[in-house]
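Colleague:
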Amino acid sequence: RIETRDAERRRGELACDALIVATGAPIAAQIARPLLTPAERDHFAALRERTAITLAIAVDGIDGGLPQEVRLPRGAASAVASFLIEPGHLGGRSPEGQSQIVALARDGFAERWRDMPDDVVTKNLLGSLEDHVPGLGDRILATHLGRARVPFFRVGHYRLLASFEKVQRDRRALGRRLYWAGDHVGGPGFEAATR
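The sequence shown begins at 199 in the working numbering and counts up one residue at a time.
Set out below in C-alpha cells:
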C-alpha cells in the first residue's frame, strides 16, 4: 500500500504488487527510511556523490577511422579530463561524414562550475578542447551539455557495498521485498554495472 499526494496536495492510496522507483541513492534512502535497518541507514549516510559534466559535440567531417579516447594528464591546465571521438558511419550515432566528440570535465571544474549557466560552461569546455582538436570551432554543428550527480567511490567502498549486500540477503530471507538497483550499488566501472 502506498500513500500518494498530488500537486494539489490531495491524498490518495495505491495498492500494487510491485513498485519501481528510479532515483539516486540520497532520495531512495529518504523514501525508504522507515523500512531501513540501522546498517542500511549507515550505508546510505556513507555514500558520496560528485557532479559530472559532459559536453557532446556534433562535428562536420571525420576525425579518424576508429573511435578513440584521449585522456589528458592531471597536470594539464584544461577543464577537460578526457574526450572520445566517434567518427560517423552508416547506422551509427553520427551520420557518415560527421563525427561526435564527447568531453568529460575534470571533477574540480565540474564542482566549481556546476551552477554556472550552460552557455558559459560550454564555452569554457570548447576552449579547452580546441587546444587538442585543431579547427574544432569552425566545424561545430550542435552541442549538448549534460550535468548529473554520480556516485563517488572512495577507499573502502567495496567493504561498504559487501556489508550492504549481506544485509539485503538477510532481509530478503526474513521476507522483506525491497530491492535496490542503481550506480551506487554497482561499482566504479562499466563491468560492475553488469554483475
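By construction, the Cβ of each residue, glycine as well, lies at the ideal position given by its N, Cα and C atoms.
A quick note: this is a predicted structure, and the numbers were derived from the prediction, not measured.
Taking only the alpha-carbon atoms, compute the straight-line gap between P332 and L245 and give it to the nearest angstrom.
Modeller: Working through the sequence shown from its first residue, we reach residue 332 at position 134. Working through the sequence shown from its first residue, we reach residue 245 at position 47. Cα-Cα distance, rounded: 40 Å.
Colleague: In three-state terms, what does DSSP make of F362?
Modeller: For the purposes of this step, residue 362 is taken as residue 164 along the sequence shown, with counting starting at 1. Three-state result, F362: helix.
Colleague: Work out the CA separation of F362 and I218 for me, nearest whole Å.
Modeller: Locating residue 218 in the sequence shown gives position 20, counting from the first residue. Locating residue 362 in the sequence shown gives position 164, counting from the first residue. Cα to Cα, I218 sits roughly 20 Å from F362.
Colleague: Sorted by chain position, which residues of the same chain lie with C-beta nearer than 8 Å to G335's C-beta, five sequence neighbours on each side aside?
Modeller: Taking the sequence shown and counting its residues from 1, the one referred to as residue 335 is at position 137. Excluding residues within five positions, the ones whose Cβ falls inside 8 Å are L324, E328.
Colleague: Pair every Cβ in the stretch 289-303 with every Cβ in the stretch 242-261, then say whether three or more of these pairs are closer than 8 Å.
Modeller: Yes: at least three Cβ pairs fall under 8 Å.
Colleague: What first and last residue would you give for the beta strand (DSSP E) that runs through S280?
Modeller: Locating residue 280 in the sequence shown gives position 82, counting from the first residue. Looking at the DSSP string, the run of the beta strand (DSSP E) that includes S280 is 278-285.
Colleague: So is G354 buried or exposed if we call it buried at 16+ other beta carbons inside 10 Å?
Modeller: Position 156 of the sequence shown, counted from the first residue, corresponds to residue 354. G354 comes out exposed.
Colleague: Let me check understanding here. Comparing Cα to Cα, which of D317, S276, G289 lies closest to L303?
Modeller: Looking up residue 303 in the sequence shown gives position 105. The sequence given here has Ala at residue 303, not Leu. Per the Cα distances, S276.
Colleague: Here's the rule I'm using: 16 or more other beta-carbon atoms within 10 Å means buried, otherwise exposed. How should I225 be labelled?
Modeller: What you label residue 225 is simply residue 27 of the sequence shown in a count that begins at 1. Exposed, because fewer than 16 other Cβ atoms sit within 10 Å of the Cβ of I225.
Colleague: Between the Cα of A250 and those of A279, P236, T235, A227, spot the shortest distance and give me the residue it belongs to.
Modeller: The residue given as residue 250 occupies position 52 in the sequence shown. Measuring from the Cα of A250, the nearest candidate turns out to be A279.
Colleague: Roughly how many angstroms lie between the CA atoms of R393 and G380, to the nearest whole one?
Modeller: Mapped onto the sequence shown, residue 393 falls at position 195. Mapped onto the sequence shown, residue 380 falls at position 182. Here R393 scores only 38 on pLDDT, less than 50, and its place in the model should not be relied on; the value that follows carries that caveat. Each residue's Cα considered, the two are about 12 Å apart.
Colleague: Quick check on the burial criterion: 16 or more other C-beta atoms within 10 angstroms. Buried or exposed for E206?
Modeller: On the sequence shown, position 8 is the one that residue 206 refers to. With fewer than 16 other Cβ atoms within 10 Å, it is exposed.
Colleague: Would you mind reading off the limits of the beta strand (DSSP E) that contains T202?
Modeller: For the purposes of this step, residue 202 is taken as the residue at position 4 of the sequence shown. Taken as a continuous stretch (DSSP letters only), the beta strand (DSSP E) holding T202 covers 200-203.
Colleague: Please work out which residues of its chain come closer than 6 Å, Cβ to Cβ, to L339, disregarding the five sequence neighbours upstream and downstream, and give them in chain order.
Modeller: On the sequence shown, position 141 is the one that residue 339 refers to. Answer for L339: A256, D258, listed in chain order.
Colleague: Rounded to whole angstroms, what is the Cα-Cα separation between D204 and W378?
Modeller: Counted from its first residue, the sequence shown places residue 204 at position 6. Counted from its first residue, the sequence shown places residue 378 at position 180. Approximately 25 Å, taken between the alpha carbons.
Colleague: Quick one: which unbroken beta strand (DSSP E) runs of 3-plus residues sit fully inside the stretch 315-370? Chain order, please.
Modeller: Listed in chain order, they are 338-350.
Colleague: Using the Cβ count rule (16 or more neighbours within 10 Å means buried), how would you classify P349?
Modeller: One-based indexing of the sequence shown puts residue 349 at position 151. The residue is buried, with at least 16 neighbouring Cβ atoms inside 10 Å.
Colleague: Just verifying my parser: in three-state terms, what is the DSSP assignment at G176?
Modeller: Any answer about residue 176 is impossible in this case: the structure gives the chain only from 199 up to 393.
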